[in-house]
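Worksheet: the structure to be examined is printed underneath.
There are 2 protein chains.
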Amino acid sequence: MSGWRKLGVIAGGGELPVVLAEHLAGTQRPYFVARVAPNADPALDAHPGATHGLGQMGARMDAMREAGCDAVVLLGQVQRPDLKTLQLDDVAISMLPAILAAMPKGDDALLRAVLNEHEKAGFTVLGADQVMSDLLATPGVWGAIAPNEQQKKEIAKAAKVAAASGAFDIGQGVVVCDGLVLAVEAQEGTDAMLRRVAELPTAIRGTPQARRGVLVKRPKPIQERRIDLPTIGVRTIEGAAGAGLAGIAVEAQGALAVRRDEIITAANRAGIFVYGFTANEVDAA
Amino acid sequence: MSGWRKLGVIAGGGELPVVLAEHLAGTQRPYFVARVAPNADPALDAHPGATHGLGQMGARMDAMREAGCDAVVLLGQVQRPDLKTLQLDDVAISMLPAILAAMPKGDDALLRAVLNEHEKAGFTVLGADQVMSDLLATPGVWGAIAPNEQQKKEIAKAAKVAAASGAFDIGQGVVVCDGLVLAVEAQEGTDAMLRRVAELPTAIRGTPQARRGVLVKRPKPIQERRIDLPTIGVRTIEGAAGAGLAGIAVEAQGALAVRRDEIITAANRAGIFVYGFTANEVDAA
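Heads up: the protein sequence lines correspond to chains A and B, in order. The opening residue of the first sequence carries number 30 in the working numbering; numbering runs sequentially from there. The opening residue of the second sequence carries number 30 in the working numbering; numbering runs sequentially from there.
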């Protein structure tokens with residue numbers, strides 16, 4: 030992706046912003062990290078940038094503009110704000126009507142409103158994968174283990190349920206085992222969902238000794254693909270392994286892999302597959 | 030409901046079978062409790078009946094037939110069986126093809142297969158509400174507190190999501206707060222879902238001091254209404270209260286209330302509403 034001079038990385042929590050900042054530093058692209066406190070990883074303090082609270086929208090945009098940023102990427106986890114305690118600056122207050130209208134609809138609607146405000150302020154908004162194409166999930170088998178035909182059927186079922194859930198802007202993750210939907214992700218997030226699968230009776234789920242079932246993550250059908258694409262990392266592998274799953278599947282070109290090499294190493298060690306399915310593959314199944 | 034001489038109550042866990050047995054005893058209807066071990070409540074030991082493991086299908090049917098039962102009702106919670114450890118008698122083994130075909134589809138499919146086997150064996154299968162109409166959820170406000178217009182909109186949204194989830198035979202419960210879907214129930218059950226809502230950040234949920242959000246339970250669109258209708262009881266009220274919810278709504282004529290008087294007392298004490306909506310009301314919203 031060209032077309033930008035300097036990139037503002039608006040960084041929430043998790044490893045993804047760290048990986049992107051390291052990539053930008055390593056490839057000597059001009060960048061500026063707008064760390065969102067208190068979510069942003071302390072490792073980002075080593076990069077050029079500044080730190081603001083979630084509600085300091087104007088100060089953050091000013092800092093990026095003064096640093097020369099013409100484009101921004103929004104990534105990493107940010108908790109839904111509590112408007113009663115959030116410190117809003119004037120620019121944030123001017124955004125409030127749009128934000129308030131979007132909040133009840135779902136996370137995609139909310140992030141889309143935030144994205145729109147950045148575009149209105151003159152920034153080009155990019156997806157993380159447009160800056161670092163290595164992040165994007167590839168089709169097919171990633172590691173040493175491939176899903177069998179039965180598991181591919183489970184992937185297709187979970188993918189269909191995830192699409193239905195995503196159409197309501199609910200969540201991106203679903204766990205299916207032996208054809209049965211064990212869990213549907215909403216506001217608790219993937220890690221918490223995998224922990225509760227690990228607590229279900231072993232009659233309906235797999236174990237590390239006899240793995241069964243699959244976690245599927247895919248974008249919402251309505252999803253603005255520049256923000257909040259489903260993400261997997263080593264922690265996702267560990268969660269799936271702990272829940273006794275046989276593998277993880279993501280939509281190829283529709284999910285981000287944070288430290289792909291480490292994901293594959295962890296998956297091979299745990300004995301679980303990681304698979305990138307295409308929309309055609311699961312919708313035809 | 031007439032048309033039966035003696036009723037076999039196939040009793041899984043929870044209070045519902047106890048309430049029904051007490052009702053039958055109190056109204057002097059002939060009945061026989063087929064307790065499913067280890068799920069059935071010990072309080073059922075005081076009623077005429079016998080105890081069998083889940084897989085003793087033939088022995089259980091024989092006992093009910095010998096006791097003179099011509100009709101059965103299946104109710105109460107039973108964990109999905111682990112076929113590796115389940116003790117199956119000959120009749121159960123003969124049912125296996127149908128059961129195995131249904132298991133991956135969902136709980137409704139599985140229970141429907143079990144129901145069919147009882148019909149094939151000559152029993153009339155009744156719904157619990159056909160035996161005790163007081164169980165069935167009524168429309169409107171149950172207790173001292175009514176949902177306001179905003180809350181009725183949340184009920185409608187949660188009801189729509191529950192219908193979508195139920196169409197996949199996933200679950201019957203959904204929690205919505207400020208328009209946002211906080212949780213979708215799958216195999217973990219309502220109580221566990223409410224516990225995880227209580228662990229979400231207070232920015233997106235209510236608290237006992239400032240209640241927000243609603244739990245909706247409604248039948249799956251595909252549901253066989255004689256079995257496994259959504260059920261609420263005092264424990265549901267306590268769970269909803271602990272999760273900071275403003276209320277609970279169920280589909281009128283499409284859910285069972287276990288000890289309705291106690292439900293209302295507990296809801297009034299906690300300061301939450303209980304509301305029976307009609308399908309028309311939420312589908313039009």
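Ideal Cβ positions, reconstructed from N, Cα and C, are used throughout, including at glycine.
Check                                                                                                                                                                                          : Outcome
If you check the beta carbons only, do Lys246 (chain B) and Asp198 (chain B) fall under 8 Å apart?                                                                                             : no
Could you name each continuous alpha helix (DSSP H) segment of 4 residues or more that falls completely within the region 265–312 of chain B, going from the start of the chain to the end?    : 289–299
Between which residues of its own chain and Leu115 (chain A) is the CB-CB distance below 7 Å, once the five residues before and five after are set aside?                                      : Leu83, Gly84
Between Pro110 (chain B) and the rest of its own chain, which residues show a CB-CB distance below 6 Å, the 5 nearest in sequence each way excluded?                                           : Leu83
Excluding five sequence neighbours on each side, which residues of the same chain lie with their C-beta closer than 7 Å to the C-beta of Val210 (chain B)?                                     : Val190, Val203
Please report how far the alpha carbon of Ala295 (chain B) lies from the alpha carbon of Gly242 (chain B), in whole angstroms.                                                                 : 18 Å
Excluding the five sequence neighbours on either side, which residues of its own chain have a C-beta within less than 6 Å of the C-beta of Asp257 (chain B), listed in chain order?            : Leu140
Is the CB-CB distance between Phe302 (chain B) and Pro176 (chain B) below 8 Å?                                                                                                                 : yes
Can you look up His315 (chain B) in the DSSP assignment and give me helix, strand or coil?                                                                                                     : With chain B covering only 30 through 314, there is no way to say anything about residue 315 (chain B).
Would you be able to state if there are at least three C-beta pairs under 8 Å between the region 39–48 of chain A and the region 69–79 of chain A?                                             : yes
Measuring only between beta-carbons, confirm whether Val311 (chain A) sits less than 8 Å from chain B.                                                                                         : no
May I have the straight-line CA-CA distance separating Gln282 (chain A) from Thr231 (chain B), to the nearest angstrom?                                                                        : 34 Å
Could you tell me the alpha carbon to alpha carbon distance between Gly271 (chain A) and Leu129 (chain B), rounded to whole angstroms?                                                         : 27 Å
Does the region 277–292 of chain B come within contact of the region 45–58 of chain B, defined as at least 3 CB pairs closer than 8 Å?                                                         : yes
Among A:Ala212, A:Arg254, A:Ala50, whose alpha-carbon lies nearest the alpha-carbon of Arg234 (chain A)?                                                                                       : A:Ala212
Closest Cβ-Cβ distance between Gly135 (chain B) and chain A: below 8 Å?                                                                                                                        : yes
Between the alpha carbons of Ala88 (chain A) and Lys149 (chain A), how many angstroms are there, rounded?                                                                                      : 16 Å
Are there 16 or more other CB atoms within 10 angstroms of the CB of Ile122 (chain B), so buried, or fewer, so exposed?                                                                        : exposed
Specify, as a first and last residue, the run of the beta strand (DSSP E) that Leu244 (chain B) falls within.                                                                                  : 243–246
When the distance is taken between beta carbons, is Leu244 (chain A) closer than 8 Å to Ile293 (chain A)?                                                                                      : no
Could you name the residues of the same chain whose beta carbon sits closer than 8 Å to that of Thr316 (chain A), not counting the 5 residues immediately before and after it, in chain order? : Any property of residue 316 (chain A) remains undetermined from this structure, which presents chain A solely from 30 to 314.
Mapping DSSP to helix, strand and coil, what is Arg64 (chain B)?                                                                                                                               : strand
Answer yes or no: do Met124 (chain A) and Met86 (chain A) have a C-beta to C-beta separation smaller than 8 Å?                                                                                 : yes
Is the CB of Gln179 (chain A) under 8 Å away from at least one CB in chain B?                                                                                                                  : no
Below 8 Å on C-beta distance, what does Ile199 (chain A) contact in chain B?                                                                                                                   : Val190, Val210, Val213
Could you give the DSSP three-state label for Val190 (chain A): helix, strand or coil?                                                                                                         : helix
Return the first residue and the last residue of the beta strand (DSSP E) that Ala138 (chain A) is part of.                                                                                    : Counting along the chain, Ala138 (chain A) falls outside any beta strand (DSSP E), though it belongs to the alpha helix (DSSP H) covering 136–149.
For the beta strand (DSSP E) that Ile122 (chain A) lies in, which residues bound it at each end?                                                                                               : From DSSP, Ile122 (chain A) is part of no beta strand (DSSP E) but of the alpha helix (DSSP H) over 119–131.
Counting only beta-carbon atoms, is Met124 (chain A) nearer than 8 Å to chain B?                                                                                                               : no
When you compare only the Cα positions, how much space is there between Pro250 (chain B) and Ala215 (chain B)?                                                                                 : 15 Å
State the Cα-Cα distance for the pair Met30 (chain A) and Asn145 (chain A), rounded to the nearest angstrom.                                                                                   : Here the model assigns Met30 (chain A) a pLDDT of 48, short of 50, so the residue's position is not dependable and the matter cannot be decided.
What ranges does the beta strand (DSSP E) occupy inside the region 161–237 of chain A, keeping only unbroken runs of at least 3 residues that lie completely in it?                            : 202–206, 209–213
Taking its Cβ as the centre, do 16 or more other Cβ atoms sit within 10 Å of Gly156 (chain B), making it buried, or is it exposed?                                                             : buried
At a CB-CB cut-off below 8 Å, which residues of chain B make contact with Ala66 (chain A)?                                                                                                     : Going along chain B, no residue has its Cβ under 8 Å from Ala66 (chain A), so there is no contact; the nearest lies around 16 Å.
Between the region 217–242 of chain A and chain B, which residues of the former have CB atoms less than 8 Å from a CB of the latter, in chain order?                                           : Glu217, Ala221, Arg225, Glu228, Leu229, Pro230, Thr231, Ala232, Ile233
Since Arg247 (chain B) meets chain A, which of its residues come closer than 9 Å, beta carbon to beta carbon?                                                                                  : Here the premise fails: no neighbours, minimum Cβ distance about 15 Å.
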